[in-house]
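Q:
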Amino acid sequence: RAKNATSILIAIVITALYSVVCVVGLQPRPPVTAPFSAISRYTKMKTATNIYIFNLALADALATSTLPFQSAKYLMETWPFGELLCKVVLSIDYYNMFTSIFTLTMMSVDRYVAVCHPVKALDFRTPAKAKVINVCIWVLSSLIGVPIMAMAVTKSKDGMVLCTLQFPDPPIYWDTVTKICVFIFAFMVPILVITICYGLMILRLKSVRLLSGSKEKDRNLRRITRMVLVVVAAFIICWTPIHIFVIVWTLVDIDKKNPYVVASLHFCIALGYTNSSLNPVLYAFLDENFKRCFREFCLPFRARVDQNSFSRARNTTRERVSTCTPSEARNKPA
Numbered sequence: 001r002a003k004n005a006t007s008i009l010i011a012i013v014i015t016a017l018y019s020v021v022c023v024v025g026l027q028p029r030p031p032v033t034a035p036f037s038a039i040s041r042y043t044k045m046k047t048a049t050n051i052y053i054f055n056l057a058l059a060d061a062l063a064t065s066t067l068p069f070q071s072a073k074y075l076m077e078t079w080p081f082g083e084l085l086c087k088v089v090l091s092i093d094y095y096n097m098f099t100s101i102f103t104l105t106m107m108s109v110d111r112y113v114a115v116c117h118p119v120k121a122l123d124f125r126t127p128a129k130a131k132v133i134n135v136c137i138w139v140l141s142s143l144i145g146v147p148i149m150a151m152a153v154t155k156s157k158d159g160m161v162l163c164t165l166q167f168p169d170p171p172i173y174w175d176t177v178t179k180i181c182v183f184i185f186a187f188m189v190p191i192l193v194i195t196i197c198y199g200l201m202i203l204r205l206k207s208v209r210l211l212s213g214s215k216e217k218d219r220n221l222r223r224i225t226r227m228v229l230v231v232v233a234a235f236i237i238c239w240t241p242i243h244i245f246v247i248v249w250t251l252v253d254i255d256k257k258n259p260y261v262v263a264s265l266h267f268c269i270a271l272g273y274t275n276s277s278l279n280p281v282l283y284a285f286l287d288e289n290f291k292r293c294f295r296e297f298c299l300p301f302r303a304r305v306d307q308n309s310f311s312r313a314r315n316t317t318r319e320r321v322s323t324c325t326p327s328e329a330r331n332k333p334a
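Position one of the sequence shown corresponds to residue 1 (UniProt numbering), numbered consecutively onward.
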């Protein structure tokens, strides 16, 4: 009875945590919708870095949209939504995992080229090429996303419906191989590339006082590099626990029915989802252009008031100039 009460309490806590992340991530204004609006509405936002951010925000929005289904599953201890939604939700999980880390890796490579190879950056760091790279990221992620969608099924067990993956024979072998491949290609290899890029950037930033020949451009370059680094760090902090836990869960003989072990697993999963809601908040606080565009998007009335005030002030100045000019002309000697 105590064990059953603990399981119910864990289900309630996990559901509450998912609900909070979902509410924060799916509210009609930021954090999720603002990056889309800011980048699509403002020409100055259409840079290579911001196009990568758009791709990251898209993956985050898709992942956050699955949380209501995840919350219901943990609270009801069954999957009531049918096999089609089971396929969609599980495939989105893997799409989000791969597109997020691949996009962050490309953002780090983009920053490395901008800082260490500014001449090459003129050809490499274009919005058009960033869009092509984003498409390639989704195609590459489909190598895992499509098979996951095909293998996702619903099964009845002990009066409950499970949404799970049905691997080919032998299932334990392919389950282990899949989890190890995910750990290597969706975590270890990208983190290694990101670490190398930022290691080289730090050496460059320390050795050169002025990177671009302009203090203003140099300040912007360092600021954007810092923003990307913080976003990458947040991703690593949020996703490292679940990757390590899955490897331990797969390779180590532990009591997988222990409610505290199950609770730890679900907490690590929830931490990964938290990253999807955290990213746009980081953009808003760390990037001045995003901050300004977020403010205009979130508070359109205030933005219009400020714009009208500016227009009135400018018109008043023009009127003063036009009023003073004739008298000044009359007072001037011939």
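Each residue gets a CB set at the ideal place from its N, CA and C atoms; glycine is no exception.
As the structure is a computational prediction, the values presented were derived from the model and not from experiment.
Per DSSP, residue 161 is paired with what?
A: Working through the sequence shown from its first residue, we reach residue 161 at position 161. Partner(s): 156.
Q: Just to confirm, are residue 22 and residue 79 a CB contact at a threshold of 8 angstroms?
A: Reading the sequence shown from its first residue, position 22 is the one you call residue 22. Reading the sequence shown from its first residue, position 79 is the one you call residue 79. It is not a contact, given that the beta carbons lie outside the stated cut-off.
Q: Out of 265, 229, 267, 243, which one is the CA nearest neighbour of residue 279?
A: Position 279 of the sequence shown, counted from the start, is the residue given in the question as residue 279. Among 265, 229, 267, 243, the Cα nearest to that of residue 279 belongs to 229.
Q: The alpha helix (DSSP H) that contains residue 83, what's its start and end?
A: Translated into positions along the sequence shown, residue 83 becomes position 83. Unbroken alpha helix (DSSP H) run through residue 83: 82–116.
Q: Take residue 266 and list the residues in its own chain whose beta-carbon comes closer than 8 angstroms to its own, dropping the five residues that flank it on each side.
A: Here residue 266 refers to the residue found at position 266 when the sequence shown is read from its first residue. So the list reads 10, 14, 74, once near-sequence residues are dropped.
Q: For residue 8, name the three-state secondary structure that DSSP assigns.
A: Locating residue 8 in the sequence shown gives position 8, counting from the first residue. Three-state DSSP puts residue 8 in a helix.
Q: In or out: residue 166 buried (at least 16 other Cβ within 10 Å) or exposed?
A: Stepping through the sequence shown from its first residue, residue 166 is reached at position 166. Classification of residue 166: exposed, given that the 10 Å Cβ count is below 16.
Q: Measuring alpha carbon to alpha carbon, tell me which residue in 147, 247, 148, 48 is nearest residue 114.
A: Reading the sequence shown from its first residue, position 114 is the one you call residue 114. It is 48.
Q: What does a CB cutoff of less than 6 angstroms around residue 55 pick up in its chain, not counting 5 residues either side in sequence?
A: The residue you call residue 55 lines up with position 55 of the sequence shown. Cβ contact annotation for residue 55 (same chain, cutoff 6 angstroms, sequence separation greater than five): 103, 134, in chain order.
Q: Would you call the CB atoms of residue 239 and residue 275 closer than 8 angstroms?
A: As a working mapping, residue 239 is identified with position 239 in the sequence shown. As a working mapping, residue 275 is identified with position 275 in the sequence shown. In this structure, residue 275 lies closer than 8 angstroms to residue 239 by Cβ.
Q: What did DSSP end up calling residue 70 once you bin it into helix, strand or coil?
A: Walking along the sequence shown from the start, residue 70 turns up at place 70. Reduced to three states, the DSSP call for residue 70 is helix.
Q: Out of curiosity, what's the CA-to-CA distance linking residue 194 and residue 142?
A: Within the sequence shown, the letter at position 194 stands for residue 194. Within the sequence shown, the letter at position 142 stands for residue 142. Going by the C-alpha atoms only, they are around 22 angstroms apart.
Q: If we ignore side chains and look at the alpha-carbon of each, how far apart do residue 19 and residue 192 end up?
A: Residue numbering aside, residue 19 sits at position 19 when the sequence shown is read from its first letter. Residue numbering aside, residue 192 sits at position 192 when the sequence shown is read from its first letter. Looking at the two C-alpha atoms, the distance is approximately 33 angstroms.
Q: Determine the direct distance from the alpha carbon of residue 258 to that of residue 203, and round the result to whole angstroms.
A: Along the sequence shown, read from residue 1 onward, the residue named residue 203 stands at position 203. Along the sequence shown, read from residue 1 onward, the residue named residue 258 stands at position 258. Taking C-alpha positions only, residue 203 is separated from residue 258 by approximately 47 angstroms.
Q: Counting C-beta neighbours from all protein chains within 10 Å, is the total for residue 170 16 or more, i.e. buried, or is it exposed?
A: Locating residue 170 in the sequence shown gives position 170, counting from the first residue. So residue 170 ends up on the exposed side.
Q: Kindly provide the ranges of any alpha helix (DSSP H) runs that are 4 or more residues long and lie completely inside the stretch 166–212, ordered along the chain.
A: Listed in chain order, the complete alpha helix (DSSP H) runs (minimum 4 residues) inside the stretch 166–212 are 171–183, 189–207.
Q: By the DSSP assignment, the alpha helix (DSSP H) with residue 252 in it spans what residues?
A: Looking up residue 252 in the sequence shown gives position 252. Here residue 252 belongs to no alpha helix (DSSP H), and DSSP marks it neither H nor E.
Q: Once you ignore the five residues that flank residue 83 on each side, which residues in its own chain have a CB closer than 7 angstroms to its CB?
A: Position 83 of the sequence shown, counted from the start, is the residue given in the question as residue 83. 153, 154.
Q: Taking the straight line between their C-alpha atoms, what separation do you get for residue 99 and residue 105?
A: Indexing the sequence shown from 1 puts residue 99 at position 99. Indexing the sequence shown from 1 puts residue 105 at position 105. Whole-angstrom Cα-Cα distance: 10 angstroms.
Q: Would you kindly work out how many angstroms separate the C-alpha atoms of residue 188 and residue 95, rounded to a whole number?
A: Start at 1 with the first residue of the sequence shown, and residue 188 comes out as number 188. Start at 1 with the first residue of the sequence shown, and residue 95 comes out as number 95. So the two alpha carbons sit approximately 17 angstroms from each other.
Q: Roughly how many angstroms lie between the CA atoms of residue 234 and residue 101, to the nearest whole one?
A: In the sequence shown, counting from the first residue as 1, residue 234 sits at position 234. In the sequence shown, counting from the first residue as 1, residue 101 sits at position 101. Going from the Cα of residue 234 to the Cα of residue 101 covers about 11 angstroms.
Q: Leaving out five residues before and five after residue 338 in sequence, what residues of the same chain have Cβ atoms less than 8 angstroms from its Cβ?
A: Here the chain covers residues 1 to 334 and nothing more, so residue 338 does not appear.
Q: Since I believe residue 243 is in contact with residue 183 (beta carbons under 8 angstroms), could you give me their beta-carbon distance rounded to a whole number of angstroms?
A: By 1-based counting over the sequence shown, the position of residue 183 is 183. By 1-based counting over the sequence shown, the position of residue 243 is 243. Contact holds; Cβ gap of about 5 angstroms.
Q: Please classify residue 5 as buried or exposed, where buried requires at least 16 neighbouring CB atoms within 10 angstroms.
A: Stepping through the sequence shown from its first residue, residue 5 is reached at position 5. Residue 5 is exposed by the Cβ-count criterion.
Q: Looking at the structure shown, is residue 258 part of a helix, part of a strand, or coil, going by DSSP?
A: Here residue 258 corresponds to residue number 258 of the sequence shown, with the count starting at 1. Correct three-state label for residue 258: coil.
Q: Which same chain residues end up closer than 7 angstroms to residue 67 when comparing Cβ atoms and leaving out the 5 residues on each side of it in sequence?
A: As a first step, residue 67 is located in the sequence shown; it is residue number 67 there, counting from the start. The answer, listed in chain order, is 18, 21, 22, 273.
Q: Using a threshold of 8 angstroms, state whether the C-beta atoms of residue 91 and residue 148 are closer than that.
A: Working through the sequence shown from its first residue, we reach residue 91 at position 91. Working through the sequence shown from its first residue, we reach residue 148 at position 148. Against a cut-off of 8 angstroms, the Cβ pair of residue 148 and residue 91 comes out as a contact.
Q: Taking Cβ positions, are residue 52 and residue 130 nearer each other than 8 angstroms?
A: Residue mapping note: residue 52 aligns to position 52 of the sequence shown, counting from 1. Residue mapping note: residue 130 aligns to position 130 of the sequence shown, counting from 1. Yes.
Q: By Cβ distance, which residues of its chain are closer than 8 angstroms to residue 16, with the 5 residues on each side in sequence left out?
A: Translated into the one-based positions of the sequence shown, residue 16 becomes position 16. So no residue of the chain qualifies.
Q: Give me the Cα-Cα distance between residue 227 and residue 159, rounded to the nearest whole angstrom.
A: On the sequence shown, position 227 is the one that residue 227 refers to. On the sequence shown, position 159 is the one that residue 159 refers to. Taking the straight line from one Cα to the other gives about 49 angstroms.
Q: With DSSP as the reference, label residue 274 as helix, strand or coil.
A: On the sequence shown, position 274 is the one that residue 274 refers to. If DSSP states are grouped into helix, strand and coil, residue 274 belongs with the helices.
Q: How about residue 231 and residue 282: are their beta carbons less than 8 angstroms apart?
A: The residue given as residue 231 occupies position 231 in the sequence shown. The residue given as residue 282 occupies position 282 in the sequence shown. Against a cut-off of 8 angstroms, the Cβ pair of residue 282 and residue 231 comes out as a contact.
Q: Quick one, are the C-beta atoms of residue 125 and residue 201 less than 8 angstroms apart?
A: For this step, residue 125 is matched to residue 125 along the sequence shown. For this step, residue 201 is matched to residue 201 along the sequence shown. Result no, Cβ atoms of residue 125 and residue 201 do not sit closer than 8 angstroms.
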